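> Quick one: the structure is below, questions incoming.
Numbering (the numbering used here), first residue to last: 363 to 520.
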């Protein structure tokens, strides 16, 4: 099993290191810590003790990507995961909102910061460094290629 170390996008000290790997048909994502036990789910932790882990399934990832594709096509889309704006329904459409629509939990939706970086590695998303905020675009804005890539990475881990 290959472990990948990645860093979230963010200015200065805002970026966070985390590790992830593929296990049991699901990528495992976790903030670097001493707790590296995997039980076949995609996990994202945002504190050193890994309390309150987020879990994503292949279907949830695909659903969020399709939601984004339907609204943005090949255009750039923002991270859009502000806690207060998600709660009060004023956050603009973006990756965090796509996850929030699947699971109306702000902690879950903020996992978009980590998941976006992993999807860059998969070749599904491209980071847009010139955007005024953290943003991505689809490498190939076609539903079939998104499905194929998500399935391929869940199957092979490469």
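Glycine included, each C-beta is placed from N, C-alpha and C at the ideal position. Please read these numbers as outputs of a predicted model, since none were measured by experiment.
Residue 448 to residue 470, Cα distance in whole Å?
Here the question's residue 448 lines up with position 86 in the chain shown. Here the question's residue 470 lines up with position 108 in the chain shown. For residue 448 and residue 470, the distance between alpha carbons rounds to 11 Å.
> Classify residue 461 as helix, strand or coil using the three-state DSSP reduction.
In the chain shown, residue 461 corresponds to position 99, counting from 1. Three-state result, residue 461: helix.
> What's the gap between the Cα of residue 380 and the Cα of residue 514?
In the chain shown, residue 380 corresponds to position 18, counting from 1. In the chain shown, residue 514 corresponds to position 152, counting from 1. For residue 380 and residue 514, the distance between alpha carbons rounds to 22 Å.
> Under DSSP, the beta strand (DSSP E) around residue 471 begins and ends at which residues?
Counting from one through the chain shown, the residue named residue 471 turns up at place 109. That residue, residue 471, is in no beta strand (DSSP E); its alpha helix (DSSP H) goes 468-471.
> Consult DSSP for residue 377 and reduce its assignment to one of helix, strand or coil.
Numbered from 1 along the chain shown, position 15 holds the residue referred to as residue 377. Coil, per DSSP.
> Candidates 496, 370 and 500: which alpha carbon is nearest residue 488's?
Translated into the one-based positions of the chain shown, residue 488 becomes position 126. Out of 496, 370 and 500, 500 has the C-alpha closest to the C-alpha of residue 488.
> Would you say residue 486 faces chain D, with C-beta separation under 9 Å as the test?
Absent here is chain D; the protein component of the structure consists of one chain.
> Just how far apart, CA to CA, sit residue 467 and residue 420?
Numbered from 1 along the chain shown, position 105 holds the residue referred to as residue 467. Numbered from 1 along the chain shown, position 58 holds the residue referred to as residue 420. C-alpha separation (whole angstroms): 18 Å.
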